[in-house]
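Trainee:
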Amino acid sequence: MAQVQRRSRLSIWKDVIFALFIRDLQSRFNDKFGISWAIIQPVTFIFILAFIRGLMNGGETHTMPTFVFMMYGIVSLQFFITTLSASSKALKKDKPLFAFRQVVPISSFIATALFEYIVKLVVIIVLVIIMWFLGIELVLKDPLMVIINFTLLWLLALSIGIIFAISTSFFPEVDKFREMAQRPMLFISAVFFSLQDVPQEYWVYLDWNPLLHAIELSRQAAYPSFGAVGVSQSYLYECTIVIFFLSLIIYKRYWKQAISV
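Position one of the sequence shown corresponds to residue 13 (the numbering used here), numbered consecutively onward.
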């Protein structure tokens, strides 16, 4: 008589996340240009903005190659926005699957965000290869801090995405607010300009933005000569931790009502 193998909850959860990840992979890149476009879009955007910025400052911007300066800004911004957008839509996208008791919304959030993380890692690898072909020197004095800031940005986007996903389930209009709030991020997150280019009296209007801190601190970690000003590593940690635990509280309290609406 065959024995029924009992599986741990963690093992089941891991398999569910992997299955959702594969499902995202197949659905997002089911055409010829799917995965190529995920790479071509940010690379093209970086080249265009680096060219425009290069006309203003030449080959270097604050001791960094202009291409590298723009790379940190654009990749971080797109990583934040795509993770936030995908996470905020994960609940609605996978709602039919929640009929299976093994599938819970947190698995969908993690699988979706993990997918975005891996895609951006591929984009970064492609950009490094392009830099090598172009003869641009790659300097990375503190790679661990760059990875930490990149991961904090991912966790922050995922946390905000969970809050928006739960809120949108009860109030669909909230999603329109999210889309509106994302639009000015290019101009207020030190993507095209460094905070050093902004008069100090205006810093107070920009310093609340943790994305700005993550981008400037990553540039500083790669190029210590960059001389980042007006940003704080502790502020980035604090924002991420507070918003992360807030998202977990909201999820714990409302996820069952959210999937039954």
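For glycine and all other residues, C-beta sits at the position ideal for the given N, C-alpha and C.
It should be emphasised that the depicted structure is a prediction, and the values quoted were computed from it without experimental measurement.
Between the segment 161-179 and the segment 243-259, do three or more beta carbon pairs fall short of 8 Å?
Mentor: Contact holds: three or more Cβ-Cβ distances are below 8 Å.
Trainee: Return helix, strand or coil for ALA270, following the three-state DSSP convention.
Mentor: Correct three-state label for ALA270: helix.
Trainee: With a cut-off of 8 Å on the beta carbons, I'd call PHE79 and ALA62 a contact; round off their distance for me.
Mentor: 5 Å
Trainee: Using DSSP with H/G/I as helix, E/B as strand and the rest coil, what is GLU213?
Mentor: Helix, per DSSP.
Trainee: Specify, as a first and last residue, the run of the alpha helix (DSSP H) that SER88 falls within.
Mentor: 78-105
Trainee: On the DSSP letters alone, give me the boundaries of the alpha helix (DSSP H) that PRO222 sits inside.
Mentor: 222-234
Trainee: Taking the alpha helix (DSSP H) that ASP187 belongs to, which residues open and close that run?
Mentor: 186-194
Trainee: Assuming contact is defined by CB atoms lying nearer than 8 Å, are SER201 and LEU89 in contact in what I supplied?
Mentor: yes
Trainee: What is the rounded straight-line gap between the Cα of GLU250 and the Cα of ILE60?
Mentor: 34 Å
Trainee: What are the partner residues of THR73, as DSSP defines its beta bridges?
Mentor: MET76
Trainee: Taking the beta carbon of LYS132 as the centre, do at least 16 other beta carbons fall within 10 Å, making it buried, or is it exposed?
Mentor: buried
Trainee: Can you look up PHE256 in the DSSP assignment and give me helix, strand or coil?
Mentor: helix
Trainee: Of the residues PHE110, LYS104, GLN232 and GLN269, which one's Cα is nearest the Cα of HIS74?
Mentor: Checking every option, the nearest Cα to that of HIS74 belongs to GLN232.
Trainee: Nearest to SER181 by alpha carbon, out of SER237, PHE204, ALA102 and PHE145?
Mentor: ALA102
Trainee: How many whole angstroms separate the CB atoms of LEU229 and LEU198, which I take to be in contact at a CB cut-off of 8 Å?
Mentor: LEU229 to LEU198, Cβ: 19 Å. No contact.
Trainee: Ignore the nearest five residues each way along the sequence and tell me which others in PHE112's own chain have a CB closer than 6 Å to its CB.
Mentor: The same chain holds no residue with a CB closer than 6 Å to that of PHE112 once the five nearest residues on each side in sequence are set aside.
Trainee: Exposed or buried, which one is GLY147 when buried takes at least 16 other CB atoms within 10 Å?
Mentor: exposed
Trainee: Go ahead and pull the three-state DSSP assignment for VAL28.
Mentor: The three-state secondary structure of VAL28, taken from DSSP, is helix.
Trainee: Pick from GLN269, PRO222, ILE271 and THR56: whose alpha carbon is nearest that of PHE92?
Mentor: PRO222
Trainee: For the alpha helix (DSSP H) that GLU128 lies in, which residues bound it at each end?
Mentor: 117-146
Trainee: Which whole-angstrom value describes the C-beta separation of ALA125 and PHE33, a residue pair presumed to lie in contact below a C-beta threshold of 8 Å?
Mentor: Not confirmed; about 10 Å, so no contact.
Trainee: Express the C-alpha separation of ILE130 and GLY242 in angstroms, rounding to a whole number.
Mentor: 31 Å
Trainee: Are the Cβ atoms of ILE52 and MET82 separated by less than 8 Å?
Mentor: Result no, Cβ atoms of ILE52 and MET82 do not sit closer than 8 Å.
Trainee: Kindly indicate the opening and closing residues of the alpha helix (DSSP H) around VAL158.
Mentor: 155-182
Trainee: When burial is assigned at 16 or more other CB atoms within 10 Å of the CB, is SER100 buried or exposed?
Mentor: buried
Trainee: Put ARG113 into one of helix, strand or coil per three-state DSSP.
Mentor: coil
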